[in-house]
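Asks:
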Ligand SMILES: Nc1ncnc2c1ncn2[C@@H]1O[C@H](COP(=O)(O)OP(=O)(O)OP(=O)(O)O)[C@@H](O)[C@H]1O
Ligand SMILES: Nc1ncnc2c1ncn2[C@@H]1O[C@H](COP(=O)(O)OP(=O)(O)OP(=O)(O)O)[C@@H](O)[C@H]1O
Ligand SMILES: [Mg+2]
Ligand SMILES: [Mg+2]
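Chains as they are written, first to last, in the numbering used here: chain A, 8 to 255; chain B, 21 to 298; chain C, 21 to 298; chain D, 822 to 1063; chain E, 822 to 1063.
1. What residue does the alpha helix (DSSP H) around residue 100 (chain C) start on, and which one ends it?
2. Could you name the residues of the same chain whose beta carbon sits closer than 7 Å to that of residue 147 (chain A), not counting the 5 residues immediately before and after it, in chain order?
3. Given 7 Å as the limit, tell me if residue 864 (chain E) has its C-beta closer than that to any heavy atom belonging to ligand 4.
4. When Cβ atoms are compared, which residues of the region 884–901 of chain D fall closer than 7 Å to chain B?
5. Would you verify that the beta carbon of residue 1000 (chain D) is, or is not, closer than 8 Å to some beta carbon of chain C?
6. Assign residue 188 (chain A) to one of two classes, buried (16 or more other C-beta atoms within 10 Å of its C-beta) or exposed (fewer than that).
7. DSSP state of residue 205 (chain B), grouped into three classes?
8. Give a yes or no on contact between the region 832–845 of chain D and the region 270–290 of chain B, applying the rule of three or more CB pairs nearer than 8 Å.
9. Counting only beta-carbon atoms, is residue 210 (chain C) nearer than 8 Å to chain D?
10. For residue 236 (chain C) and residue 100 (chain C), which I take to be in contact (beta-carbon distance under 8 Å), what is that distance rounded to the nearest angstrom?
11. Under 8 Å between C-beta atoms, does residue 206 (chain C) make it to chain E?
12. Please tell me whether residue 88 (chain B) has its Cβ less than 8 Å away from any Cβ of chain C.
13. Nearest by alpha-carbon distance to residue 13 (chain A): which of A:80, A:26, A:93 and A:167 is it?
14. Which residues in chain D have a C-beta closer than 9 Å to the C-beta of residue 219 (chain B)? List them in chain order.
15. In the DSSP output, which residue or residues are listed as bridge partners for residue 1028 (chain D)?
16. Rounded to the nearest angstrom, what separates residue 22 (chain B) and residue 1034 (chain E) at their Cα positions?
17. Would you mind sorting residue 45 (chain C) into buried or exposed? The rule is 16 or more other CB atoms within 10 Å of its CB.
18. Would you check whether ligand 3 has a heavy atom nearer than 7 Å to the C-beta of residue 1015 (chain D)?
19. Could you tell me which of C:59, C:155, C:66 and C:198 sits nearest to residue 131 (chain B), measuring between CA atoms?
20. Give a yes or no on whether 8 Å exceeds the smallest Cβ distance from residue 246 (chain B) to chain A.
21. Taking residue 154 (chain C) and residue 265 (chain B) to be in contact with their CB atoms under 8 Å, please state how far apart those CB atoms are, rounded to whole angstroms.
22. Decide if residue 860 (chain D) is buried, meaning its Cβ has at least 16 other Cβ atoms within 10 Å, or exposed.
23. Anything in the region 125–142 of chain C with a Cβ closer than 7 Å to a Cβ of chain B? List those residues in chain order, please.
24. In three-state terms, what does DSSP make of residue 162 (chain B)?
25. Measure the CB-CB distance between residue 1013 (chain E) and residue 905 (chain E) and report whether it falls below 8 Å.
26. Assuming residue 1064 (chain D) contacts residue 842 (chain D) (C-beta within less than 8 Å), just tell me the rounded distance between them.
27. Taking the alpha helix (DSSP H) that residue 865 (chain E) falls in, what are its first and last residues?
28. Of the residues that make up the region 854–887 of chain E, which ones have a beta carbon closer than 7 Å to any beta carbon in chain B?
29. Buried or exposed for residue 107 (chain C), please, with buried defined as at least 16 other CB atoms from any protein chain shown within 10 angstroms of its CB.
30. Any Cβ of chain C within less than 8 Å of the Cβ of residue 24 (chain A)?
31. Verify whether the separation of the beta carbon atoms of residue 850 (chain D) and residue 1041 (chain D) is less than 8 Å.
32. Quick one: Cα of residue 938 (chain E) to Cα of residue 962 (chain E), how far?
33. Taking the C-alpha atoms as reference points, what is the distance between residue 897 (chain D) and residue 1021 (chain E)?
34. State the Cα-Cα distance for the pair residue 258 (chain B) and residue 172 (chain B), rounded to the nearest angstrom.
35. Residues in the region 917–936 of chain E with C-beta within 8 Å of chain C's C-beta atoms, listed in sequence order?
36. Does residue 1015 (chain E) come out as helix, strand or coil in the three-state DSSP assignment?
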């Protein structure tokens, strides 16, 4: 990767502001704690950057997908790879295949919500506007009331805490984290497993369109996938999701 | 003696002016055409133009998203429609509060002053976030926690502070002599306000308020930050789906179609008022 | 004859008014105290109060986040500081464009009119998104794609349209007779504008522009949507980290500390101007 | 006892004492003219009588009762004392008719129907029958001033105060308004008139008072005051004006 | 050949013909007074002579050259013709001195240093030496009007137009300004003066023109015009005004 990074000899990795558990622990990616933080250091290592030569920066979701030159070499904040986005930016090979999951609160469950499409249709839905959750919501659940859309995860949880929405669609790890930590009485009601989806939600590291770094990153990801590093990181940082029922 | 001179054909000045007008029109047309031509020919020659065009002026994307945008714009219109009258009423109340003289009602004056100071001092987004997420977060039951209600309330609070100040300035702009004239007829203060001052004050502030309501129509877009999918959010969704900024341009066009005529009309009212006073 | 009567002690009216004033002050104090007491005692008795307090008025959270917020507010101040002068200059240019009479310069007038119409017609967020995300996306190299540059440009474009209109209205408010007086002395149009009209026009529009610059200071917060971590974004970050709205309240306090005095001063200038004219 | 009497009325604006102990007796049906230089306090005195300005010291007796007692509700008094200002102060958003009817409707609680006949009669009497439904800005200055007079008269006051009601008018329109005053005088209305129209004062006034720097320097019937002013100042003033 | 002569000048505002063929001869050093009712076209005529309004037909000859030729640059002409308006039109943001110096500095490209002596002399001549550095709103109406005259004179015009320059002044201030005109007349300045001050017209004018509805109905030396007006209208007008 020599000569292809923003700053010679240093890999600049972007994450969200703030970055959320379990992707980054304590909003401090420098620690290497958290799934994406760990993956980033693993990729960097596979590309030949040691830990001291990884610097972090922050971008919003919109900033990351805007076309044009970037302030980072790679950006990891649960970007779903979609063909439309690939028109404007480059994605690495996927480093995680996520299930979509339904985040809700105990009160909604008590009120009779179940992990069935029929039951889910009648809830008031929310999602983060910039993510693929919004279209997935329309396609798979097609709620009766048009969903509310928000700028970021924090706003979605705020709305759910305010009882303005019943449920929201997130990738599973995010949903699990939000349910456990951010949301009082949060519950992950069900999931749409990645294996069953026709085009599963896969996270890739985002790069500038035509980035020279892409082959290196792809190789690095392939390498860490192959040698089991990736699986190890997943086991360490992402909860076992088998407890979450599959939506019928 | 017939004083009304019948103009016998065009005068020397009329002829000269017609000539000048023709020449000016010619020059203006030519220079405008030149500039336009330069823009039309040169801009597409710029290196980034293809990218710009694809990203901002993408015909197919526009065609696909425009109906959705228009539809979402109805939401803006609806929010505006229910906020505007409430703002007008609340603003009038606040303005009257600030005009209250009786010492027992001093808390009202204080309230009015605090109210206008605070809500004019805060950024609109901040208030929308605070009220739109904050208040419902206190455990209100549905449907009383709707972001439509609280988001609208945020707009109403802010804009009524501005409108109240405008109304108050209108009240103060009515010359003291009108109050004196009314008082000298034995009218009470309340009657004076209601029949003499307010009707004139409100008429005077129509243009300023028109400008505020245009601003309100635009700030409705900020409600999207707490959930309602109005045109700005809808454009954002399309943008992130298609990674293309054309939907924003579409939204801009929709706004302009509404706000340019409205702004022009407000300007016209303002200018007319200034002329009348000047 | 000594006309200046030496007031020999308080007059009957003075005594009466002093009595009334004392009574009014008493009533006002009492009623204010009552209302305040009611608020202080009753509000905390409301069922949701504990939740509200924890969520909105959380002392420890405020203490922890306030320094960070203040620090982020420096960014707002900095953005304001570089935008304001550019806005002033651009607005003056646009206002003069719209006043141009020569037919060859008609494109300038057209440009001025289009410019003000478009940028006054669009919501600020929309322009910030369009320019702040759109333009850099066209393949500008760093550092020329910085959101600071393009976000600021968006603010400059919008606000200069408003300020230009205000300046133009100032120019138009200068009575025709000033131009006539200047012309009658043999002065050229350019000199008339520069030495006679503009100095008066600009002085007249200070209060209106002051209000616009206060609004600008608040709209700087909208730049956060395209990246710059100014106070609003910083508050949002704290909010999502701590799941607590107190940082927003903190940001509100910081804004109010700046905007209330400024707004008050602008109001005062406005009122003084109105009195002078009235 | 006079109908209206002022007893050493004083009035200050902040440090500036504008009325410095004014005594004045006005009999029923009398027309009293106040003359004096600009700033001598004529307007202030009239506004004090109407209670638009509170006085500092002294008393204003209307039929023997002190109406200037601090704290008294001024409204019943104002119903009895009409005032017309130099700048007509019509309500610009109402037609002439509505201007006139407003106070009787709100204060005397009369209906439009009750008021129609008497108000129309007033308009007719002062030659404005055709202009009743016009708005102030559709009326000439003289017409506006007459409407202002009608508006005050519609409250059926016992005394009318006029403050330089012709000085904002073109010379050609002054006549119309003075005619109204002549008519009122003939009908026995008690009136106090601040004016610069010496000719009119001379013709109609029962008493002329010369105000100077907040004092009534000289008063008397017009024949006497204009022909043989006692005071040096009065002479100087009259020589400048006439 | 006269110094200034108007040849059947006509001027309309839209449908409203305000000057209906005006002929006027002004000799060097003459003072010509225009009198006439409000709206008769006096101001318009003066503004036409100064080229502030383009005329429709006719010619305005200044020393034999037609200055009203359409398309001509009016600026050199305006330097030769000074005008002073009823509402003084001083520049409120400049001191009296700066008001006077502005045009010579910008148009004649003189420096402040060059201008200082002559301008101070002008101020001194018209009794304003102490007021030079005051701003217009610190000056009385009469003083403002004198500054306006000084401002026009500083451009060293050959002819001066005055448009009712005393009518916005209190009677007591009128004298100051008329003194200035007397002085100018004595020095041989050519002047045209629209005025309602008949006394002044009678005293100083070399020729008085009576304008009525856009025509010069009658003209002549003041003794003749005031004493024995030929026309019915002139008589009616004079009887109303005097
Ligand atoms: N509301 C006020 N506040 C302060 N001073 C005032 C007020 N009204 C009048 N004055 C002052 O009182 C003095 C007398 O004013 P007033 O209007 O009574 O005079 P006037 O005789 O009516 O003069 P004029 O002929 O100009 O109308 C003036 O010096 C004036 O400045
Ligand atoms: N700029 C203008 N546009 C339209 N009409 C005008 C304009 N200036 C003057 N007039 C009209 O021209 C006529 C003559 O006006 P002008 O001011 O010349 O009269 P004047 O003799 O100076 O009257 P005054 O004694 O009132 O000053 C009037 O009917 C007036 O309405
Ligand atoms: Mg007065
Ligand atoms: Mg005139």
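Built from N, CA and C at the ideal position, the CB exists for glycine as well.
Replies: Taking the coordinates as given:
1. 79–119
2. 199
3. yes
4. 896, 899 and 900
5. no
6. exposed
7. coil
8. no
9. no
10. 6 Å
11. yes
12. no
13. A:80
14. 912, 914 and 915
15. D:853
16. Low local confidence applies: a pLDDT of 40 at residue 22 (chain B) is under 50, so the model's placement there is unreliable, with the coordinate-based value given in what follows. Between residue 22 (chain B) and residue 1034 (chain E), the C-alpha separation is close to 11 Å.
17. exposed
18. Here the distance from the Cβ of residue 1015 (chain D) to the nearest heavy atom of ligand 3 is below 7 Å.
19. C:59
20. Chain A contact via Cβ: present.
21. 5 Å
22. exposed
23. Those residues of the region 125–142 of chain C placed with their C-beta closer than 7 Å to a C-beta in chain B are 126, 127, 130, 137, 138, 140, 141 and 142, ordered along the chain.
24. Of the three classes helix, strand and coil, the one that applies to residue 162 (chain B) here is coil, per DSSP.
25. no
26. Residue coverage of chain D in this structure runs from 822 to 1063, which leaves residue 1064 (chain D) outside it and unanswerable.
27. From DSSP, the alpha helix (DSSP H) with residue 865 (chain E) extends over 863–870.
28. 875, 876, 877 and 878
29. buried
30. yes
31. For residue 850 (chain D) and residue 1041 (chain D), no; Cβs fall outside 8 Å.
32. 25 Å
33. 53 Å
34. 25 Å
35. 923, 924, 927 and 928
36. strand
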